[in-house]
């Protein structure tokens, strides 16, 4: 199963913020041993989360299953790696926001197959220009059902909770979203 063959993901801010506000950030820990975030994503999460939610996020960082990386840090990356990431940063500066670009550059350079993002356009751009699979929070919830980590009713409740806190809720029943996610997983061979 591809999802378990390399249990590391890079994340953009939106999925982290939604799961944090809904009280279910830890669901990511059930799939990924590491969730790596670039510095810009950390800054975005910090600026958009209320203090009580940021404490939960900070705890995940302290526990070590979410890790922050600065893509320009010479102590972490060599010159060639930084240059390769800078090329992505420049190439997509008008198509993706700063956090999305850093997440894309990081996942691409480290050959991490999964990037968590709820931005449809960003997902399309990233998947068209790489082999990275971009997963939304809905797809993460669908994976939780498929792998028997959580029941359908529980994921529906999480989805409803997220819908109640976002500016633009998804007005499609979760069962329909889950079917779409399963169809997408089949089309990209996620479980082959």
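Residue numbers (our numbering): 10 to 201. All residues carry an ideal CB built from backbone N, CA and C; glycine is no exception. Just so it is clear, the structure is predicted and the values come from calculations on it, not from any experiment.
Thinking just about the alpha-carbon of each residue, which of the options is nearest to the one in residue i?
| i | options | result |
| --- | --- | --- |
| residue 167 | 180, 158, 150 | 150 |
| residue 174 | 19, 79, 192, 28 | 28 |
| residue 71 | 133, 153, 148, 44 | 44 |
| residue 30 | 53, 56, 62, 41 | 62 |
| residue 203 | 152, 134, 86 | Here the chain has residues from 10 to 201 only, and residue 203 is not among them. |
| residue 144 | 153, 126, 136 | 126 |
| residue 181 | 192, 76, 47, 147 | 147 |
| residue 101 | 90, 114, 89 | 114 |
| residue 154 | 34, 25, 26, 40 | 40 |
| residue 85 | 163, 73, 47, 105 | 47 |
| residue 37 | 58, 57, 60, 76 | 76 |
I'd like the list of long-range same chain contacts for residue i, defined as Cβ closer than 7 Å, with 5 residues on each side in sequence excluded.
| i | result |
| --- | --- |
| residue 172 | 178, 179 |
| residue 117 | 97, 139, 141 |
| residue 197 | 142 |
| residue 65 | 29, 34 |
Please go through the same chain and pick out, in chain order, the residues whose beta-carbon is closer than 6 Å to the beta-carbon of residue i, but skip the five residues on each side of it.
| i | result |
| --- | --- |
| residue 11 | Note on residue 11: pLDDT 49, under 50, position unreliable in the model; no value is reported. |
| residue 110 | 98, 101 |
| residue 158 | 39 |
| residue 161 | 154 |
Residue i: buried (16+ other C-beta within 10 angstroms of its C-beta) or exposed?
| i | result |
| --- | --- |
| residue 32 | exposed |
| residue 108 | buried |
| residue 131 | buried |
| residue 15 | With a pLDDT of 47 at residue 15, under the threshold of 50, the modelled position of that residue is not reliable, and no figure is offered here. |
| residue 183 | buried |
| residue 137 | exposed |
| residue 95 | exposed |
| residue 54 | buried |
| residue 23 | buried |
| residue 128 | buried |
Taking residue i and residue j to be in contact with their CB atoms under 8 Å, please state how far apart those CB atoms are, rounded to whole angstroms.
| i | j | result |
| --- | --- | --- |
| residue 79 | residue 50 | Actually they do not touch by this definition, with Cβ atoms about 11 Å apart. |
| residue 121 | residue 19 | 5 Å |
Grab me the residues of residue i's own chain with a C-beta within less than 8 Å of its C-beta, minus the 5 sequence neighbours each way, in chain order.
| i | result |
| --- | --- |
| residue 90 | 118 |
| residue 83 | 91 |
For this session: Would you mind listing the beta strand (DSSP E) stretches within the segment 76–132 that are 3+ residues and don't spill past its ends, in chain order?
Result: 123–125
Problem set entry | Contiguous alpha helix (DSSP H) assignments of at least 4 residues, all confined to the segment 14–82 | 22–30, 48–57, 60–72
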